[in-house]
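For the sequence shown, the working numbering begins at 35 and goes up steadily by one.
One structure below.
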Amino acid sequence: MKYQEIIASLPKKERWSGAFYNYEYQGFWFSPFVLEGIISVQESFQAQTSDILLCSAPKTGTTWLKALAFAIVTRNRFDGLSDNNNNHPLFNAVPHDCVPFLEVDLVENNKKDPEMPLLSTHLPFSSLPKCIISKGCKMVYICRDPKDTFVSYWHYLQRALPGGQHDHVVKRLSLGTEFESFCDGSTYYGPYWDHVLGYWKASIERPDNVLFLKYEDLKRDTLFYVRKLGEFMGQPFTAEEERRGAAERIVEVCSLQKLSRLEVNKTGKHRQGTPMSSNNYSFFRRGMVGDWKNLLTPEMQRRIDEITEQKLHGSGFSFS
Ligand code: PAP
């Protein structure tokens, strides 16, 4: 409630036929359900030098990155990842519930499990609490082709919302309207391209602090990036671990196929009873590169490609 005056003064745009508004804050658009938390963590979050942030815009590989990073950093704490170790957190909770989400979970109490350095955020680089940068915290950013990101977002809305507080919205969803909002940057945490560029520039300026990944690369050679993540997060795989295939095992356990078949991810709910409630299965769908071909018209494809070209021009970054 503390920040309602600030929020009331922000530019806003109607979402989902008036179901609620998104607000523009510091150059990005946010849903009202996270905005208070964002302003609050910007004011009072206390980063530790050892914190490692998993950063992403929505629908770009967040769930997968959380699962992989969590499995890597906790591999000596939880007894392996064998199929008969039913106690491992990844077998009992959606990856989102294994890694605290900065702008929601760390708002009031700054308490993190001291043995688990990971936290996650969808915040753009420019809106991160300043102490995260000044303390030199490590960050891993994942991005994805904007066309697949939009398509994933579109399917997510229809899978996540039913049965929750926004059930009534599902009938009002329109592909055309969502597409326009994605293109004009007003879907949550948008503009997507600016989000990516913020972390891209940070990764060039601070390569030791920011590891920049692409979903498509992670799909192409997951094992290579699991090893890279281990090194970057200060926990490289030892020769003994390599001999017993520890990195390979993490790749396998965190695969879409494995995670999506777990009971908790088929039937469980994330943040049940809150405005951010969603069905766990909505975080796992096809995981395909190029799935946009199954939804976007040639005109839509052209439109996103044009925006991408304009936005990335001169940045040195390309999605391909
Ligand atoms: P979030 O921002 O709501 O957390 P996020 O995890 O970033 O969503 O994106 C979901 C996408 O990641 C889905 O893509 P799709 O809609 O194109 O299928 C989902 O299938 C994919 N995904 C989730 N888990 C994995 C995984 N283990 N491996 C590969 N892709 C995954």
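No residue lacks a Cβ here, since even glycine has one placed at the ideal position from N, Cα and C.
Just so we're clear, the structure is a prediction, and the values are computed from it rather than from any experiment.
By alpha-carbon positions, which one of E137, K145, V138 and L99 ends up nearest to L124?
Sequence index remark: in the sequence shown, residue 124 carries index 90 (1-based). Of the candidates E137, K145, V138 and L99, the one whose C-alpha sits nearest the C-alpha of L124 is L99.
Are W50 and R206 closer than 7 Å when you measure CB to CB?
Mapped onto the sequence shown, residue 50 falls at position 16. Mapped onto the sequence shown, residue 206 falls at position 172. Going by C-beta atoms, W50 is nearer than 7 Å to R206.
The beta strand (DSSP E) spanning M173 covers which residue range?
For the purposes of this step, residue 173 is taken as the residue at position 139 of the sequence shown. Element bounds for M173: K172 to C177.
From the DSSP output, which residues share a beta bridge with E48?
For this step, residue 48 is matched to residue 14 along the sequence shown. Looking at the DSSP assignment, E48 forms a beta bridge with Y55.
According to the Cβ coordinates, are M310 and F54 closer than 7 Å?
Counted from its first residue, the sequence shown places residue 310 at position 276. Counted from its first residue, the sequence shown places residue 54 at position 20. The answer is no: Cβ separation not under 7 Å.
If you reduce the DSSP assignment to three classes, tell me which class S154 lands in.
Taking the sequence shown and counting its residues from 1, one reaches residue 154 at position 120. In the structure shown, S154 sits in a strand (DSSP, three-state: E or B).
Report the option in L136, L252, K164 and T272 whose CA atom is closest to the CA atom of P151.
Counted from its first residue, the sequence shown places residue 151 at position 117. Of L136, L252, K164 and T272, the residue nearest in Cα terms is L136.
Considering only heavy atoms of ligand 1 and the C-beta of each residue, which residues fall inside 7 Å, strictly closer?
Per the Cβ criterion, the list is S90, P92, K93, T94, G95, T96, T97, W98, A101, H130, H156, D182, V185, S186, H189, Y190, K253, C288, S289, L290, L293, F317, F318, R319, R320, G321, M322 and D325.
How long is the line joining the alpha carbons of K36 and E77, rounded to whole angstroms?
Within the sequence shown, numbered from 1, the residue matching residue 36 stands at position 2. Within the sequence shown, numbered from 1, the residue matching residue 77 stands at position 43. Distance between the alpha carbons of K36 and E77 is about 12 Å.
With a threshold of 16 other CB atoms inside 10 Å of the CB of P148, please say whether the residue is buried or exposed.
The sequence position of residue 148 within the sequence shown is 114, counting from 1. With fewer than 16 other Cβ atoms within 10 Å, it is exposed.
With C-beta atoms as the reference, is V141 less than 7 Å away from V75?
Against the sequence shown, residue 141 aligns to sequence position 107. Against the sequence shown, residue 75 aligns to sequence position 41. Yes, these two residues count as a Cβ contact at 7 Å.
Quick check on this structure: which residue in D242, R277, E274 and R278 has the alpha carbon closest to the alpha carbon of K355?
Nothing about residue 355 can be reported from this structure: the residues present for the chain run from 35 to 354 only.
Run through DSSP, which three-state label would K253 get?
Here residue 253 corresponds to residue number 219 of the sequence shown, with the count starting at 1. Helix, per DSSP.
For E276 and C288, I'd like the C-alpha separation in whole angstroms.
Here the question's residue 276 lines up with position 242 in the sequence shown. Here the question's residue 288 lines up with position 254 in the sequence shown. If I take the Cα positions, the gap works out to 17 Å.
Please look up how many angstroms separate the CB atoms of N110 and V298, rounded, as I've assumed it's under 8 Å.
Taking the sequence shown and counting its residues from 1, one reaches residue 110 at position 76. Taking the sequence shown and counting its residues from 1, one reaches residue 298 at position 264. About 23 Å; that fails the 8 Å criterion.
Whose C-alpha, out of T308, S316, P180 and Y190, is nearest the C-alpha of L293?
Counted from its first residue, the sequence shown places residue 293 at position 259. Considering only alpha carbons, the answer is S316.
Do Y223 and P180 have their C-beta atoms within less than 7 Å of each other?
In the sequence shown, counting from the first residue as 1, residue 223 sits at position 189. In the sequence shown, counting from the first residue as 1, residue 180 sits at position 146. It is not a contact, given that the beta carbons lie outside the stated cut-off.
For the beta strand (DSSP E) containing L87, name the first residue and the last one.
Here residue 87 refers to the residue found at position 53 when the sequence shown is read from its first residue. From DSSP, the beta strand (DSSP E) with L87 extends over I86 to S90.
Return the Cβ separation of I284 and V260 in integer angstroms, given the expectation that the two are a contact with Cβ distance under 8 Å.
Here residue 284 refers to the residue found at position 250 of the sequence shown. Here residue 260 refers to the residue found at position 226 of the sequence shown. Right, the Cβ-Cβ distance comes to about 6 Å (below 8 Å), so this counts as a contact.
Out of curiosity, what's the CA-to-CA distance linking W326 and S354?
Here residue 326 refers to the residue found at position 292 of the sequence shown. Here residue 354 refers to the residue found at position 320 of the sequence shown. Roughly 15 Å between the two C-alpha positions.
Taking its Cβ as the centre, do 16 or more other Cβ atoms sit within 10 Å of L245, making it buried, or is it exposed?
Here residue 245 corresponds to residue number 211 of the sequence shown, with the count starting at 1. The residue is buried, with at least 16 neighbouring Cβ atoms inside 10 Å.
Distance, Cα to Cα, P163 vs S90?
Start at 1 with the first residue of the sequence shown, and residue 163 comes out as number 129. Start at 1 with the first residue of the sequence shown, and residue 90 comes out as number 56. Rounded to the nearest angstrom, the two C-alpha atoms are 15 Å apart.
Look at the alpha carbon of N56 and the alpha carbon of G279, and state the distance between them as a whole number of angstroms.
In the sequence shown, counting from the first residue as 1, residue 56 sits at position 22. In the sequence shown, counting from the first residue as 1, residue 279 sits at position 245. Whole-angstrom Cα-Cα distance: 46 Å.
Note down, in chain order, each residue of its chain lying with its Cβ closer than 6 Å to the Cβ of Y59, except the 5 sequence neighbours on either side.
Locating residue 59 in the sequence shown gives position 25, where the first residue counts as 1. Same-chain partners within the cutoff: L44.
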